[in-house]
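Student:
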Amino acid sequence: ACKQLLQAQRNGRLGEADVAQAALEYAAAVAAEGAGLARMGDASRHVSMVLDILTFYPVCAQVHLWGLEAIMAMFRCEEQAFAESLAGPILDAVTELILAHQANPEFHAGIPELPKRLLAVLALVLTPSTSARLSEDLVDFSLGVACGPEVGPAAMEHALQIFLVASSPHRLRDQAELARTALRSMRAEPRLVPRALLTLGVTLAVAGGRRGGGGTRPE
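Using the numbering used here, you'd call the opening residue of the sequence shown number 5 and step up by one each time.
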């Protein structure tokens with residue numbers, strides 16, 4: 005699959021329908037072999053290829069799902085310094101995917117778990133150095149997924165992580181209410197409780213800063 009994709013890329017055929025299966029197989033293989041590929045020093049090359057795949061197949065949800073799994077596998081296995089260099093490009097690509105799926109929810113109608121995987125990647129690559137790129141649309145998306153039906157501890161944790169890192173003033177009350185919901189309904193989850201408390205602290209600090217600076221009250 006890798007050789008076929010490289011050939012398609014060289015020939016300007018990446019994005020064509022008859023290459024989609026190879027793209028899917030490649031992304032699935034990278035997701036399965038992430039640790040080994042990272043040890044070989046190939047993480048950047050494979051992440052770059054996966055990002056190209058996501059760009060050239062903007063409406064193929066199965067490719068998106070496996071592409072996201074591949075990105076997470078490579079990012080988690082890479083050394084921190086190298087992972088930081090990948091965070092920005094990954095965040096930009098995931099942002100484009102999120103906006104596309106928000107505008108066209110029919111893209112993932114058959115794969116209802118896709119928004120949660122998008123949220124997971126967003127939480128993984130959002131760092132203090134990339135947090136300025138978090139738009140209000142991404143805050144809306146994160147709240148929408150975390151407040152959706154059948155939300156589990158993982159999605160809740162990912163959303164709280166995003167709000168904790170981003171310190172976004174957008175929809176502060178909703179962010180705080182999500183943290184309170186986690187404290188009320190998921191107290192048995194040991195990772196969620198401290199994250200929810202920290203998120204509450206961040207929302208209070210951001211709200212206090214806005215009032216102290218003459219800004220408006222949290223919406």
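Note that beta-carbon positions come from the ideal geometry of N, C-alpha and C, so glycine has one too. These numbers come from a predicted model, not from an experiment.
Report all residues from its chain with a CB closer than 6 angstroms to the CB of Phe111; omit the five preceding and five following residues, and keep chain order.
Tutor: Position 107 of the sequence shown, counted from the start, is the residue given in the question as residue 111. The residues are Val63, Ala65, His105.
Student: Which residue wins for smallest C-alpha separation from Ala32, given the options Asp46, Trp70, Asp56?
Tutor: Your numbering for residue 32 matches position 28 in the sequence shown. Cα-wise, what sits closest to Ala32 is Trp70.
Student: Sorted by chain position, which residues of the same chain lie with C-beta nearer than 6 angstroms to Leu130's C-beta, five sequence neighbours on each side aside?
Tutor: Locating residue 130 in the sequence shown gives position 126, where the first residue counts as 1. Hits under 6 angstroms: Ile166, Val169.
Student: Confirm, please, whether the CB-CB distance from Ala74 to Val125 is below 8 angstroms.
Tutor: As a working note, residue 125 is residue 121 in the sequence shown. As a working note, residue 74 is residue 70 in the sequence shown. No, they are not a contact pair.
Student: Once you ignore the five residues that flank Ile94 on each side, which residues in its own chain have a CB closer than 8 angstroms to its CB?
Tutor: Residue mapping note: residue 94 aligns to position 90 of the sequence shown, counting from 1. Cβ within range, chain order: Val51, Leu55, Ile75, Phe79, Val125, Val129.
Student: Ala180 and Ala163: beta carbons closer than 8 angstroms?
Tutor: Counted from its first residue, the sequence shown places residue 180 at position 176. Counted from its first residue, the sequence shown places residue 163 at position 159. Not closer than 8 angstroms, so no.
Student: Would you report the Cα separation of Arg191 and Pro198, rounded to the nearest angstrom?
Tutor: Counting from 1 along the sequence shown, the entry for residue 191 is found at position 187. Counting from 1 along the sequence shown, the entry for residue 198 is found at position 194. Spanning the two alpha carbons is a distance of roughly 10 angstroms.
Student: Is DSSP giving Ser171 helix, strand or coil here?
Tutor: If you number the sequence shown from 1, residue 171 lands on position 167. Coil at Ser171, not helix or strand.
Student: Taking contact to mean 3 or more Cβ pairs, one atom from each stretch, closer than 8 angstroms, check whether the segment 171-190 and the segment 137-155 are in contact.
Tutor: Taking 8 angstroms as the limit for Cβ pairs, the verdict is that the segment 137-155 does touch the segment 171-190.
Student: How would you write the range of the alpha helix (DSSP H) that Glu29 sits in, first residue to last?
Tutor: Taking the sequence shown and counting its residues from 1, one reaches residue 29 at position 25. Residues 24-36.
Student: Going by beta-carbon coordinates alone, are Pro45 and Cys81 separated by less than 8 angstroms?
Tutor: Here residue 45 refers to the residue found at position 41 of the sequence shown. Here residue 81 refers to the residue found at position 77 of the sequence shown. Going by the sequence as given, residue 45 is Gly instead of Pro. No, they are not a contact pair.
Student: With distances taken Cα to Cα, identify the nearest neighbour of Ser135 among Ile57, Leu187, Glu88, Arg195.
Tutor: Sequence index remark: in the sequence shown, residue 135 carries index 131 (1-based). Per the Cα distances, Glu88.
Student: Is Leu10 buried or exposed, if buried means 16 or more other CB atoms sit within 10 Å of its CB?
Tutor: Residue 10 sits at position 6 when you count from the first residue of the sequence shown. That one is exposed.
Student: According to DSSP, is Cys81 helix, strand or coil?
Tutor: The sequence position of residue 81 within the sequence shown is 77, counting from 1. Correct three-state label for Cys81: helix.
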